[in-house]
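Notes for the one structure printed next.
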Amino acid sequence: MKKYDVVVIGAGNGGLAAAVKILSAGKSCLVLEKHNIPGGFATSFVRGRFEFEASLHEFNGIGTVENPGSTRQLFDELGVSDKIEWIQLHDAYHLISLEEGYDFTMPFGVDEFARANDKLHPEGSKYIYHFFELCKQIRGAMNYLSESKGKPDPQVLMEKYPDYLRCGSYTTKEAFDALGYPQVIVDNLNAYWCYLGADGNNLSFLHYANMIYSYISGGAAIPKYRSHELSLAFETRIHELGGDIWFNSEVVKILTDENKHVCGVMLSDGTKIETRHVIANCSPHNVYSKLLDEDAVPERALKLTNSRKLAGRGFTIFLALNKSPEELGLKDHNYFVYDSSDNIKQYQSMKNLKGNVGQATVCLNNADPDCSPKGTTLLYMTTLFTDDVWKDVKEEEYYKVKNEIANGLIERFEMATKTHIKEYIEEIAIATPQTYARYCGHPQGVIYGYESTPRDGLLNRIQAVEEDRFVPGLRIGGGFGERLLGFPSSYKSGANEANRTLKDMAKEGE
Ligand SMILES: Cc1cc2nc3c(=O)[nH]c(=O)nc-3n(C[C@H](O)[C@H](O)[C@H](O)COP(=O)(O)OP(=O)(O)OC[C@H]3O[C@@H](n4cnc5c(N)ncnc54)[C@H](O)[C@@H]3O)c2cc1C
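Note that numbering that gives the first Met the number 0 gives residue 334 to position 335 of the sequence shown, counting from 1, and the numbers run on in steps of one.
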C-alpha cells in the first residue's frame with residue numbers, strides 16, 4: 000500500500016491549490032482525479048475547429064502585475080503565475096433587461112462606472128460613490144475581522160466600521176431598500192446577482208457588496224488559453240514540487256480507523272492508499288453520504304449538510320458561429336440578459352423548465368480576437384435552474400427538453416441584441432444539469448456549491464469553519480467550501496484547507 004502525508008480527492012481548482020500548498024510545505028501529496036484531465040469545471044473542450052471554454056466567464060481578483068489582486072497574490076505565492084497569460088477585460092457588462100427596457104454597457108473602474116451611472120440618472124454618480132464608500136468600509140471590516148482571528152475589539156468595530164455593523168445582517172433587498180437609491184441605480188447594481196445565483200431576499204448584502212466592489216474596482220481577466228491553462232499550470236507546479244497526480248482514479252471510500260480518524264482512501268479498482276489526511280475537493284453531500292462509512296459520520300455533519308441549500312444547477316450552450324462578431328453586431332464580451340431586473344422574480348422563473356431565458360452570455364472573441372479562426376465567433380450562454388426541476392425530465396424526453404431550452408435562450412439573445420445567430424451555427428454543444436452532475440459528480444448538477452443564504456452566507460461560514468470539521472483528518476475545500484463558489488473562492492478555499500491540514504499535522508506531531 001502506497002503512503003502519502005496528504006491525499007487530495009479531486010483535481011478541481013480547490014484540490015489543485017491545496018496540493019501545491021501541501022507540497023510547498025515539504026509534505027508528500029497525491030491528487031486523485033476521476034477524469035483523465037485536471038481542472039474539474041476549469042477546463043476546455045474541442046469540437047471541429049474550435050476550442051471552447053467550459054466554464055469561466057470572467058476571473059475577478061487578478062488585478063495587474065503592478066496592482067495585484069488577492070488571487071494573483073495567491074498564485075504568486077503558489078508559484079503558478081509565470082505559467083499563465085492573462086487577458087484583461089475592458090468592460091464590466093452589457094445589461095439588457097426587457098421589462099424595464101435597459102440596454103447599456105458598464106465599464107470597469109470606480110470613476111468610469113460612476114460616470115456611466117450619470118447617464119442612467121442625473122445624480123447617478125453621487126449614489127455610486129456613496130455605495131462604494133460603504134463597500135470600502137465593509138471590506139475594511141472584513142480585513143480587520145480576519146486579522147483579528149475571530150477576536151475583534153467591539154470598540155474598534157463600532158468606531159471604524161459602524162455601517163458594516165448596521166448592515167451586517169441585511170439581505171441585498173433589505174440593504175437597497177434602506178439605502179433608498181433610485182430604482183434604475185439599484186437595478187444596475189443588482190446586475191451581478193447571477194454570479195452568486197441567490198436572489199435579493201437571500202443574498203447577504205455584505206457578500207454581494209464586496210463582490211461588486213471587487214469587480215468594478217479591480218476589473219476582471221481571463222486566461223489566454225481558456226481555464227484549462229490554469230489547471231495545466233497547477234498540474235505542472237505539482238510535478239515540479241515532486242507531487243503525484245493520478246488520473247482515471249475515482250475515490251470510492253475514505254477509510255477511517257478505530258478512532259474514526261482518516262487512515263486512507265480506496266479507489267474504484269480496489270487500490271488502497273494510506274494517509275492520515277484527506278482534503279476532499281468534492282461536495283460534502285457525496286463525502287458524508289457515499290465516501291465515508293455511516294458510523295464514521297457524526298449526526299451533526301449530516302444535519303448541517305442537509306440543511307444547506309444547493310445552489311444553481313447549470314445549463315450552458317456552447318456555440319461556434321461561422322460569422323465574425325462584427326458581422327453579427329456583437330461588440331461586448333459579457334452580456335447579462337434578464338426578463339426583469341427584479342432578481343427575486345427572475346430567481347423564481349428559474350425554478351421552471353419552461354420560460355427560463357435569463358442568461359449570462361460571453362462572446363469570447365471580444366476579449367481575445369484570436370480565440371477562434373478568422374471570420375468565426377465563440378459564444379456561450381449560461382443559465383441556472385434554482386430548483387431540482389431536471390429530476391422530472393424523463394429519459395425519453397431529455398433531448399427534446401434540452402433542445403427547447405437551448406432554442407429559447409438563443410432566440411432570447413437574438414431578440415435582445417438584435418442579432419441573428421441560428422443560421423450561422425457551425426458547432427453546438429449543450430450542457431444540462433445532468434452533464435454537470437456526471438462530469439464533476441455534484442448533486443443535481445449544481446455548479447455553484449451551496450447557495451449563500453442569510454444563515455449560511457460567507458461570513459457565517461468563515462466564522463464557523465472549524466465547527467464544520469467533523470471527521471479528524473478530513474477537510475473539504477473548493478466551491479462547496481467556506482468562501483462559496485467561483486474560481487477565486489475555490490482556489491482560496493483549497494489553499495486555506497491545506498493550511499489547516501498542515502496545522503492539524505503539526506498538532507498531531509507529524
Ligand atoms: C458554466 C459555468 C460557468 C462558470 N462561470 C464562472 C465565472 O465566470 N467565474 C467564476 O469565478 N466561477 C464560475 N463558475 C464556477 C466555477 O467554475 C466553480 O466554482 C469552480 O470551478 C469550482 O471549483 P472546485 O474546486 O469546487 O472544483 P470542481 O470544478 O467542482 O471539481 C471537482 C473535481 O473533483 C473530481 N472528483 C469528484 N469526486 C471525485 C472522486 N470521488 N474521486 C476523484 N475525483 C473526484 C471531479 O471530477 C472534479 O475534477 C462557473 C461554472 C460553470 C459550470
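Idealized CB from N, CA, C, for every residue including glycine.
Three-state secondary structure (DSSP) of residue i
i       : result
Leu-473 : strand
Cys-193 : helix
Gly-108 : coil
Phe-412 : helix
Gly-60  : coil
Pro-222 : strand
Leu-31  : strand
Val-264 : strand
Leu-290 : helix
Thr-418 : coil
Val-511 : Look at the range of the chain in this structure, 0 to 509, and you will see that residue 511 is not part of it.
Cys-166 : helix
Cys-439 : helix
Tyr-207 : helix
Tyr-214 : helix
Tyr-449 : strand
Tyr-398 : helix
Leu-458 : helix
Thr-42  : coil
Lys-159 : helix
Leu-363 : helix
Lys-172 : helix
Boundaries (first-last residue) of the beta strand (DSSP E) holding residue i
i       : result
Glu-257 : Element bounds for Glu-257: n/a, residue is neither H nor E.
His-93  : 90-96
Met-380 : 376-384
Ala-428 : 424-430
Lys-271 : 271-273
Tyr-337 : 333-337
Glu-52  : 49-52
Asp-243 : 243-245
Leu-499 : Here residue 499 is Arg; the residue named in the question, Leu, does not match the sequence. Element bounds for Arg-499: not the beta strand (DSSP E) but the alpha helix (DSSP H), 486-506.
Phe-479 : Where Phe-479 is concerned, there is no enclosing beta strand (DSSP E), given that its DSSP letter is neither H nor E.
Nearest to residue i (by Cα), restricted to the options the options
i       : options                               : result
Thr-42  : Pro-106, Asp-387, Val-277 and His-56  : His-56
Tyr-212 : Asp-243, Tyr-128, Ile-475 and Asn-285 : Tyr-128
Leu-327 : Met-414, Gly-311, Asp-292 and Asn-247 : Met-414
Ser-226 : Asn-402, Asn-258 and Ile-86           : Ile-86
His-93  : Asp-81, Ala-115, Glu-84 and Leu-73    : Ala-115
Asn-12  : Ala-279, Leu-363, Gly-357 and Gln-347 : Ala-279
Lys-223 : Thr-375, Ala-232, Gly-217 and Glu-76  : Ala-232
Asn-333 : Val-277, Gly-218 and Arg-307          : Gly-218
Thr-416 : Gln-433, Lys-330 and Pro-453          : Lys-330
Leu-73  : Ile-61, Lys-259 and Asp-341           : Ile-61
Met-265 : His-419, Ser-248 and Lys-259          : Ser-248
Ala-497 : Lys-2, Tyr-3 and Ala-16               : Ala-16
Phe-107 : Ala-91, Asp-117, Leu-119 and Ile-95   : Ala-91
Cys-433 : Arg-299, Asn-459 and Lys-401          : In the sequence as presented, Cys is not what sits at residue 433; that position holds Gln. It is Lys-401 whose Cα lies nearest to the Cα of Gln-433.
Ser-510 : His-120, Gly-313 and Glu-50           : Nothing can be reported for residue 510, as the shown portion of the chain is limited to 0 through 509.
Gly-354 : Leu-22, Thr-385 and Ala-428           : Thr-385
Gly-14  : Cys-262, Cys-281 and Asp-4            : Cys-281
Met-210 : Gly-508, Asn-495 and Pro-487          : Pro-487
First and last residue of the uninterrupted alpha helix (DSSP H) at residue i
i       : result
Tyr-346 : 342-348
Arg-138 : 123-146
Arg-71  : 69-77
Ser-23  : 12-23
Thr-235 : 227-239
Arg-299 : 298-306
Ile-184 : 182-188
Leu-327 : 324-327
Contact under 8 Å by Cβ, residue i with residue j
i       : j       : result
Leu-301 : Lys-252 : no
Glu-234 : Pro-37  : yes
Gly-179 : Tyr-160 : no
Tyr-143 : Val-155 : yes
Leu-205 : Trp-192 : no
Gln-347 : Met-380 : no
Gly-242 : Val-79  : no
Leu-77  : Arg-236 : yes
Met-0   : Glu-273 : yes
Asp-467 : Asn-342 : no
Leu-88  : Ala-220 : yes
Ser-340 : Asp-176 : no
Closer than 7 Å: residue i CB and nearest ligand 2 heavy atom
i       : result
Pro-432 : In terms of ligand content, the structure shown lacks ligand 2 and carries ligand 1 instead.
Any C-beta of chain B under 8 Å from that of residue i
i       : result
Ile-461 : The structure shown contains no chain B; it is built from a single protein chain.
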